[in-house]
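Chemist: Handing you this structure, nothing more for now.
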Ligand SMILES: [Zn+2]
């Protein structure tokens, strides 16, 4: 671990002497999930819950290297100041209690906007199946279990519970719960938090019927739009999607849909509004790696 940090720091120092390879006028939309308090041990699906100290270190990198803008502004491709080379958007999938209670107030303190993608049926519940499953398997889902749950069971929590051994949801720590509606509303009082759909029950949209897809998206969107900060932007659960879903999603009222990976967003004419790229931020991503990513030098954990 220490050797890796030294290597990353060395790489960062070297890259500072090289050309910045980030695309001109590019925007990096960061996809976070949960945030783990500093005094809590790692639990659940480890890759999803970035530690508090590391999250703060990420924010310090962003403060130094980029301008944080809202997702709506990035998607409008509004002209930016000449001096601003890099734009970054901060998003959170799943509305984890840790992200809502810890991260959103810190971002508000810095005056930065963020977007939370909310699986609305889960609001106020104790947690998600993938954290329960990871508790049974030492902290990370195997690709076999993940494929069975996300593809064969369409990511449907009720079906997954019949197929895969899960730890008790009550055993999960508080920060892995899905936030209560009141907590989200409270966090949004600063006027900097956008709420957007993540489907209602966090299903794999590529593995369900058209009828169910419309119902999932419409219900989730209706919940978000009861608030002034609600927007018709969808993040695909599990990152699963298909280009063939575009017209269906538009008919459900969605203007843009976001993948969980894909890299930089650039103002390219052929970009589909239903396949907006993001950069997944795994919990293991060091601040040095994030800074390298902002300079266009890859961003694997
Ligand atoms: Zn999700």
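Residue numbers (this note's numbering): 6 to 306. For each residue, glycine too, the CB sits at the ideal point set by N, CA and C. It should be emphasised that the depicted structure is a prediction, and the values quoted were computed from it without experimental measurement.
Using only the alpha-carbon positions, how far apart do residue 289 and residue 47 sit?
Modeler: Approximately 11 Å, taken between the alpha carbons.
Chemist: Based on the DSSP secondary-structure assignment, which residues constitute the bridge partners of residue 183?
Modeler: Partner(s): 101.
Chemist: Would you kindly work out how many angstroms separate the C-alpha atoms of residue 225 and residue 232, rounded to a whole number?
Modeler: Each residue's alpha carbon lies about 12 Å from the other.
Chemist: Flag this pair as yes or no: are the beta carbons of residue 180 and residue 39 separated by less than 8 Å?
Modeler: Yes, they are a contact pair.
Chemist: So, does the segment 173 to 190 touch the segment 91 to 108, judging by three or more C-beta pairs under 8 Å?
Modeler: At 8 Å Cβ cutoff, the stretches touch.
Chemist: For the alpha helix (DSSP H) that residue 110 lies in, which residues bound it at each end?
Modeler: Residues 109 to 114.
Chemist: Which residues bound the beta strand (DSSP E) around residue 198?
Modeler: Here the beta strand (DSSP E) through residue 198 covers 198 to 202.
Chemist: Spatial neighbours of residue 174 within its chain, please: CB distance less than 7 Å, with the 5 preceding and 5 following residues excluded, ordered by chain position.
Modeler: Within the same chain, residue 174 has close Cβ partners 131, 132 and 137.
Chemist: How big is the Cα-Cα spacing for residue 306 and residue 65?
Modeler: With a pLDDT of only 40 at residue 306, under 50, the local geometry of the prediction cannot be trusted, and no value is derived from it.
Chemist: Name the one or two DSSP bridge partners that residue 281 has.
Modeler: Per DSSP, 263.
Chemist: What's the gap between the Cα of residue 101 and the Cα of residue 30?
Modeler: If I take the Cα positions, the gap works out to 31 Å.
Chemist: Can you determine whether any heavy atom of ligand 1 sits closer than 7 Å to the C-beta of residue 54, and answer yes or no?
Modeler: The answer is no for residue 54.
Chemist: State buried or exposed for residue 11, treating a residue as buried only when at least 16 other CB atoms are found within 10 Å of its CB.
Modeler: Answer is exposed; the Cβ neighbour count stays below 16.
Chemist: In whole angstroms, what is the alpha-carbon distance linking residue 277 and residue 250?
Modeler: Residue 277 and residue 250: Cα-Cα distance of roughly 12 Å.
Chemist: Comparing alpha-carbon positions, which option in 241, 265 and 268 lies nearest residue 259?
Modeler: Closest by alpha carbon: 241.
Chemist: Can you list every residue whose CB sits closer than 6 Å to some heavy atom of ligand 1, going in chain order?
Modeler: Residues with a Cβ closer than 6 Å to any heavy atom of ligand 1, in chain order: 98, 99, 203, 207 and 242.
Chemist: Got a sec? Which residues, its chain only, sit under 8 Å from residue 57 by beta carbon, not counting five neighbours each side?
Modeler: For residue 57, where only same-chain residues beyond five positions count, the Cβ hits under 8 Å are 40, 41, 42, 43 and 107.
Chemist: Could you give the C-beta distance for residue 210 and residue 204, rounded to a whole number, given that I count them as a contact under 8 Å?
Modeler: Contact flag correct, Cβ pair sits at about 6 Å.
Chemist: Please say whether residue 301 and residue 99 have beta carbons closer to each other than 8 Å?
Modeler: Result no, Cβ atoms of residue 99 and residue 301 do not sit closer than 8 Å.
Chemist: In three-state DSSP terms, what is residue 81?
Modeler: Three-state result, residue 81: helix.
Chemist: Leaving out the 5 sequence neighbours to the left and right, which residues in its chain are closer than 6 Å to residue 266 when beta-carbon positions are compared?
Modeler: Counting only Cβ-Cβ distances below 6 Å, and skipping sequence neighbours, we find 285.
Chemist: Which residues in the same chain have their Cβ closer than 7 Å to the Cβ of residue 151, if we skip the five residues on either side of it in sequence?
Modeler: Nothing meets the Cβ criterion.
Chemist: For residue 281, tell me which candidate among 261, 296 and 299 has the shortest Cα-Cα distance.
Modeler: Checked all of 261, 296 and 299; the closest Cα to residue 281 is 261.
Chemist: Exposed or buried, which one is residue 206 when buried takes at least 16 other CB atoms within 10 Å?
Modeler: With 16 or more other Cβ atoms within 10 Å, it is buried.
Chemist: In whole angstroms, what is the alpha-carbon distance linking residue 238 and residue 77?
Modeler: Distance between the alpha carbons of residue 238 and residue 77: 9 Å.
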